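Novice: I have a structure here, written as structure tokens, and I will follow up with some questions on it.
Residue numbers (the working numbering), protein chains in the order written: chain A, 1 to 156; chain B, 157 to 215.
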């Protein structure tokens, strides 16, 4: 595994994760939440929420653009939380969709850039158009993503 | 397996993505699950997801 990630803290429910992004803008606390959405055909689906903690208010936002020059490390950390979460909630699916098309595009770029590694652990599907889900392919635009943990991978 | 036993904020040591080092269980973590913004995002995700049926439309 070549990608570097930040260390992170996890709640005892294993549904909330926090870590600090470090860069030119300083230290920014990031939160990842796996929110139960619904069960479809006996498979639990969770929404991946990802956001910043506003340093002034202490409240969450996913709309800020922190631009801390560590995007790949952040994405790798989020991916690591998905590994941890799917270890604990085996058989679940993780749904990810940016709060706007630009952010969804960023997710897509992150998946594409590290697809070989991500694909080792997860089957990734993208919503190509409404009601049309396909296996993720680089160079294709998607509206949302579904990650299903492959059963034969090990989180060391 | 190793663990980072010092969850000090700002500890920016990095780790391999699938390495369990650098992970700290923090029972005292502030719970954001009922944060209004999180609930709003969840509602939007549910609305968006309900428009799809991924299990029956996979290619």
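We treat Cβ as the ideally placed atom computed from N, Cα and C, and that holds for glycine. If you're wondering where the values come from, they're calculated on a predicted model, not measured in any experiment.
Which runs of the alpha helix (DSSP H) fall wholly inside the segment 4-44 of chain A and span at least 4 residues, in chain order?
Specialist: For the segment 4-44 of chain A, not a single whole alpha helix (DSSP H) run of length 4 or above is found.
Novice: Using the rule of at least 16 other Cβ atoms within 10 Å of the residue's Cβ for burial, across every protein chain shown, is residue 199 of chain B buried or exposed?
Specialist: So residue 199 of chain B ends up on the exposed side.
Novice: Taking only three categories from DSSP, how would you classify residue 148 of chain A?
Specialist: It is a strand residue.
Novice: If we ignore side chains and look at the alpha-carbon of each, how far apart do residue 100 of chain A and residue 201 of chain B end up?
Specialist: Going from the Cα of residue 100 of chain A to the Cα of residue 201 of chain B covers about 12 Å.
Novice: Exposed or buried, residue 165 of chain B, counting other C-beta atoms within 10 Å across all chains shown (16 or more means buried)?
Specialist: Model confidence at residue 165 of chain B stands at a pLDDT of 49, short of 50, so the residue's coordinates are unreliable; what they give is reported in the following sentence. Exposed, by the Cβ-count rule.
Novice: On a Cα-Cα basis, can you pick out the residue from A:126, A:138, A:122, A:127 that is closest to residue 148 of chain A?
Specialist: Among A:126, A:138, A:122, A:127, the Cα nearest to that of residue 148 of chain A belongs to A:122.
Novice: Which of the three DSSP states is assigned to residue 170 of chain B in this structure?
Specialist: In the structure shown, residue 170 of chain B sits in a strand (DSSP, three-state: E or B).
Novice: Among residues of its own chain, excluding the 5 on either side of residue 171 of chain B, which ones have a beta-carbon nearer than 6 Å to its beta-carbon?
Specialist: Closer than 6 Å at Cβ, skipping near neighbours: 177, 178.
Novice: Mark residue 111 of chain A as exposed unless 16 or more other C-beta atoms lie within 10 angstroms of its C-beta, in which case mark it buried.
Specialist: Label assigned to residue 111 of chain A: buried.
Novice: Compare the beta carbon distance of residue 118 of chain A and residue 79 of chain A with 8 Å and say whether it is the shorter of the two.
Specialist: Yes.
Novice: From the beta carbon of residue 137 of chain A, is the nearest beta carbon of chain B less than 8 Å away?
Specialist: So, not an interface residue.
Novice: Using the beta-carbon of each residue, which ones in chain A are nearer than 8 Å to residue 202 of chain B?
Specialist: Per Cβ cutoff of 8 Å: 37, 38, 47.
Novice: Does DSSP put residue 56 of chain A in a helix, a strand or coil?
Specialist: Of the three classes helix, strand and coil, the one that applies to residue 56 of chain A here is coil, per DSSP.
Novice: May I have the straight-line CA-CA distance separating residue 71 of chain A from residue 6 of chain A, to the nearest angstrom?
Specialist: Cα to Cα, residue 71 of chain A sits roughly 11 Å from residue 6 of chain A.
Novice: Between residue 95 of chain A and residue 193 of chain B, is the Cβ-Cβ spacing less than 8 Å?
Specialist: Cβ distance not < 8 Å, so residue 95 of chain A and residue 193 of chain B don't count as in contact.
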